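**Q** Here it is, the structure in full.
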Amino acid sequence: MTNHVSDEIIESIRQANDVVDVVGDYVQLKKQGRNYFGLCPFHSENTPSFSVNQDKQIYHCFGCGKGGNIFTFIMEMEGFTFQQTLHYLAEKSGQIVPDLKQSDHKTPSSEEQAILEAHQWLTKLYHHLLRHTKDGKQALAYLHDRGFSDEVINLFQIGFSPLSRDFVAQFLEKKGFHKQVMVNAGLLTTNGNGEYFDRFQGRVIFPIRNPIGKTIGFGGRTITDQEPKYLNSPESSLFRKSNLLYNFDIARSEIRKKGEAILFEGYADVIAAHQAGVLNGVASLGTSLTETHASLLRRYVDTVLVCYDADNAGLSATYKAIKLLKKVGCTIKVAALPYKYDPDQFIQEFGEVKFRTQVIEVANTEMSFIMKFLKKDFNLNLEGDRLHYVEKVIEEIALLHSSVERDYYLRELADEFKLSYDALTQELMSQMRNVQKNDDNQQRFGNTKGGNQQNYPVNKKKQLPPAYKNAERQLLAYMLQNVNIAEKVKETIGSKFNSEQYQIIATHLYGFYEEGNGADSSHFITYLNDADLQQTVVELSMLDNSWEMTEKELEDYIHIIQSHQVNRVKITEMQQKMKQLEKTDPQEAAKVAMEIIKIKQQSKN
36 MTNHVSDEII ESIRQANDVV DVVGDYVQLK KQGRNYFGLC PFHSENTPSF
86 SVNQDKQIYH CFGCGKGGNI FTFIMEMEGF TFQQTLHYLA EKSGQIVPDL
136 KQSDHKTPSS EEQAILEAHQ WLTKLYHHLL RHTKDGKQAL AYLHDRGFSD
186 EVINLFQIGF SPLSRDFVAQ FLEKKGFHKQ VMVNAGLLTT NGNGEYFDRF
236 QGRVIFPIRN PIGKTIGFGG RTITDQEPKY LNSPESSLFR KSNLLYNFDI
286 ARSEIRKKGE AILFEGYADV IAAHQAGVLN GVASLGTSLT ETHASLLRRY
336 VDTVLVCYDA DNAGLSATYK AIKLLKKVGC TIKVAALPYK YDPDQFIQEF
386 GEVKFRTQVI EVANTEMSFI MKFLKKDFNL NLEGDRLHYV EKVIEEIALL
436 HSSVERDYYL RELADEFKLS YDALTQELMS QMRNVQKNDD NQQRFGNTKG
486 GNQQNYPVNK KKQLPPAYKN AERQLLAYML QNVNIAEKVK ETIGSKFNSE
536 QYQIIATHLY GFYEEGNGAD SSHFITYLND ADLQQTVVEL SMLDNSWEMT
586 EKELEDYIHI IQSHQVNRVK ITEMQQKMKQ LEKTDPQEAA KVAMEIIKIK
636 QQSKN
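Read in order, the letters of the sequence shown correspond to residues 36 to 640 in the numbering used here.
Structure below.
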């Protein structure tokens with residue numbers, strides 16, 4: 036990879052960051068055999084096909100084909116350049132990298148970098164104004180009245196933007212940021228007369244950070260009568276609400292530790308819950324939960340506890356969230372909040388201990404919530420409504436995967452409405468057949484909804500590759516993990532593989548070993564500039580070549596490859612001869628054609 040940092044420092048950073056730890060910050064990994072598996076972060080899936088090999092320090096998805104080492108993973112996930120990735124991983128592992136600090140310019144090299152840097156400066160400024168100035172006293176008193184401690188205010192870097200219209204604009208200008216760029220970023224507004232103002236003036240500021248802890252937007256809450264009550268940063272390439280979860284950077288370690296994420300509706304609920312000792316809470320940003328949010332959570336955990344407001348709007352949002360989370364394969368629980376309470380309000384009124392013990396720890400199952408939620412649409416005093424309600428609940432029960440759960444809720448329904456358990460069972464079986472039929476159709480024809488779903492042909496037979504292709508694949512895979520085998524191949528066929536891609540990889544690999552490097556696929560990837568070559572190296576490295584290659588096997592592979600090359604030359608010569616004979620002796624030409632077919636068949640086998 037092209038960079039301005041020495042190979043020694045790059046290798047030091049790579050060795051200091053374990054691929055399981057790096058990937059594990061983004062994907063819930065479970066060990067199976069020698070590898071770790073999880074849901075791929077690069078495409079939508081419900082069954083884990085994403086594999087991480089700790090021994091070789093590489094990852095590979097058997098679904099979409101993405102693969103690489105820690106550098107390629109962070110570049111892909113965060114959209115970083117290689118230099119930015121080095122800087123991030125160096126910081127993560129506590130390393131001092133002089134080369135990177137020397138190249139760190141105060142003047143941003145691009146508009147997006149300038150915007151990112153401006154957000155960091157403003158986070159510090161707003162927080163300072165809240166905590167240490169007269170302008171921030173009213174806002175600080177407001178937060179204290181809400182029950183927020185100084186400790187939690189500092190942790191979440193809550194701030195305040197003063198009522199002064201041009202204070203922040205002047206601050207940014209003094210730091211070297213172009214005002215119009217700051218308008219584009221949604222940090223400033225302009226009246227068209229050359230005057231620039233702070234977008235969030237007079238508001239309590241909640242910094243919104245990306246998964247690696249960098250502020251990329253703000254949420255402002257008024258403490259006066261100005262409208263609107265809440266104001267978020269506008270959508271941009273840096274700030275996309277549908278892809279972000281508030282507090283995810285802080286909550287991530289606790290989410291992994293507990294194996295559960297708690298989903299709230301707003302900033303205040305997350306912060307109040309954190310102060311109450313519930314540290315694995317996140318929230319969507321003033322927008323409904325999206326499938327992207329749900330997929331993000333599913334990569335980290337199996338279980339999501341939904342803790343939305345217990346009013347009509349919050350209950351409807353909970354039902355929609357359950358459907359989205361279930362679609363991506365989550366196990367769902369619902370917090371047991373009393374009707375019309377929100378989490379922050381409950382904590383203030385009843386205290387932190389009761390919030391944990393009476394709301395979070397005794398959460399309802401998704402089905403228990405759904406059965407109660409659906410009742411609001413029916414007048415159960417009417418026979419027709421009761422029957423429609425029962426049918427609706429059975430439709431939901433049919434979607435449950437556990438037969439024990441289905442039986443439990445079916446009996447509950449039978450007891451509540453004094454209905455025949457056998458009759459309900461028959462209706463359930465009918466509904467389950469409909470669900471299965473829909474699933475089969477979806478698998479057969481592909482899901483036409485959703486951007487990342489792919490339509491694959493069903494029952495397509497996989498053809499075996501020709502013998503020479505298999506020989507090249509196996510040989511290069513062994514060369515990647517054994518220097519001696521690579522040396523023997525170099526002496527016999529050198530880089531003369533039939534595959535042009537393998538030729539290039541082999542040439543680079545010989546140079547890599549000549550520099551004194553050992554067999555290390557993750558290290559070797561950093562020597563390749565081409566993404567396709569990197570993917571191929573990862574695929575070859577993930578092959579199960581755990582057994583020792585004998586001298587006979589090595590000779591056989593080399594012989595197959597060389598024989599194919601000889602046959603290719605021979606076939607070319609015979610094809611030329613056949614063309615000449617076609618004009619003078621068609622029968623002889625036919626014999627040559629049969630001979631060509633025979634040689635091709637031998638080469639294939």
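Using N, Cα and C, we set each Cβ at its ideal position, and we do this for glycine too.
Since the model is a prediction, treat every value here as computed from it, not as a measurement.
Are the CB atoms of Glu295 and Thr327 within a distance shorter than 8 angstroms?
**A** Not closer than 8 angstroms, so no.
**Q** For the candidate residues Lys65, Ala458, Ala307 and Gly229, whose alpha-carbon lies nearest to that of Phe390?
**A** For the residues Lys65, Ala458, Ala307 and Gly229, the minimum Cα distance to Phe390 belongs to Ala307.
**Q** Rounded to a whole number of angstroms, what is the C-alpha to C-alpha distance between Asn245 and Asp591?
**A** Rounded to whole angstroms, Asn245 to Asp591 spans 53 angstroms at the Cα level.
**Q** So which of Leu422, Asp170 and Gln466 has the shortest CA-CA distance to Arg441?
**A** The candidate whose alpha carbon is nearest that of Arg441 is Gln466.
**Q** Can you round the beta-carbon distance between Lys276 and Leu331 to whole angstroms, since I take them to be within the 8 angstroms contact cut?
**A** About 13 angstroms; that fails the 8 angstroms criterion.
**Q** Could you give the distance in angstroms between the alpha-carbon of Glu270 and the alpha-carbon of Ile251?
**A** Cα to Cα, the separation comes out at about 11 angstroms.
**Q** Below 8 angstroms on the Cβ atoms is my contact criterion, and I expect His599 with Tyr503 to pass it. Report the Cβ-Cβ distance as a whole number of Å.
**A** The Cβ separation is near 4 angstroms, so the contact holds.
**Q** List in chain order: all unbroken alpha helix (DSSP H) runs of 4+ residues lying wholly within the region 41-128.
**A** Entirely contained in the region 41-128, the alpha helix (DSSP H) runs reaching 4 residues are, in chain order, 42-51, 54-59, 105-113 and 117-127.
**Q** Going by C-alpha to C-alpha distance, which of Val369, Pro621 and Cys96 sits closest to Ala352?
**A** Nearest option by C-alpha distance: Val369.
**Q** Quick check: the Cα distance between Leu515 and Phe77, rounded to an integer number of angstroms?
**A** Spanning the two alpha carbons is a distance of roughly 26 angstroms.
**Q** Quick check: Val40 and Leu121, are their CB atoms within less than 8 angstroms of each other?
**A** The answer is yes: Cβ separation under 8 angstroms.
**Q** Distance, Cα to Cα, Ile243 vs Asn469?
**A** Between Ile243 and Asn469, the C-alpha separation is close to 44 angstroms.
**Q** Taking the alpha-carbon positions, what's the Tyr444 to Ile432 distance?
**A** C-alpha separation (whole angstroms): 7 angstroms.
**Q** Which whole-angstrom value is the C-beta distance of Gly255 and Leu266, which I expect to be below 8 angstroms?
**A** Correct: roughly 4 angstroms between the Cβ atoms.
**Q** If you reduce the DSSP assignment to three classes, tell me which class Phe191 lands in.
**A** Looking at Phe191 - three-state DSSP - the assignment turns out to be coil, as it is neither helix nor strand.
**Q** Alpha carbon to alpha carbon, what distance is there between Pro197 and Gln488?
**A** In this prediction, Gln488 has a pLDDT of 42, which is less than 50 and means its spatial position is unreliable; what the coordinates show is noted afterwards. Their backbone Cα atoms lie some 47 angstroms apart in a straight line.
**Q** So what does DSSP say about Leu645, is it helix, strand or coil?
**A** Residue 645 is absent from the model: the chain starts at 36 and stops at 640.
**Q** So the beta strand (DSSP E) Lys368 belongs to, where does it begin and stop?
**A** From DSSP, the beta strand (DSSP E) with Lys368 extends over Thr366 to Val369.
**Q** What did DSSP end up calling Arg234 once you bin it into helix, strand or coil?
**A** Correct three-state label for Arg234: coil.
**Q** In terms of residue numbering, what span does the beta strand (DSSP E) encompassing Glu326 cover?
**A** Looking at the DSSP string, Glu326 is not in any beta strand (DSSP E); the run it does join, the alpha helix (DSSP H), is Glu326 to Tyr335.
**Q** Locate the beta strand (DSSP E) running through Glu295, then write down its first and last residues.
**A** Start and end: Glu295 to Phe299.
**Q** Would you mind reading off the limits of the alpha helix (DSSP H) that contains Gly349?
**A** Gly349 -> alpha helix (DSSP H) spans Asn347 to Lys362.
**Q** Excluding sequence positions up to five away, which residues of its chain have a Cβ less than 7 angstroms from the Cβ of Gly98?
**A** Around Gly98: Cys75, His78, Glu80 and Ser84.
**Q** With DSSP collapsed to three states, give me the class of Val305.
**A** It is helical.
**Q** Go ahead and pull the three-state DSSP assignment for Gly419.
**A** Here Gly419 sits in helix by DSSP.
**Q** Classify Ile8: buried if its beta carbon has 16 or more other beta carbons within 10 angstroms, exposed otherwise.
**A** Shown here, the chain extends from 36 to 640; a query on residue 8 therefore has no answer.
**Q** Evaluate Glu451 with the Cβ neighbour count: other Cβ atoms within 10 Å of its Cβ, from every protein chain shown; 16 or more gives buried, anything less gives exposed.
**A** Flag for Glu451 reads exposed.
**Q** Any idea what DSSP makes of Asn267, helix, strand or coil?
**A** Three-state DSSP puts Asn267 in a strand.
**Q** For the 8 angstroms Cβ check, are there 3 or more pairs between the region 154-164 and the region 202-217?
**A** Touching, yes.
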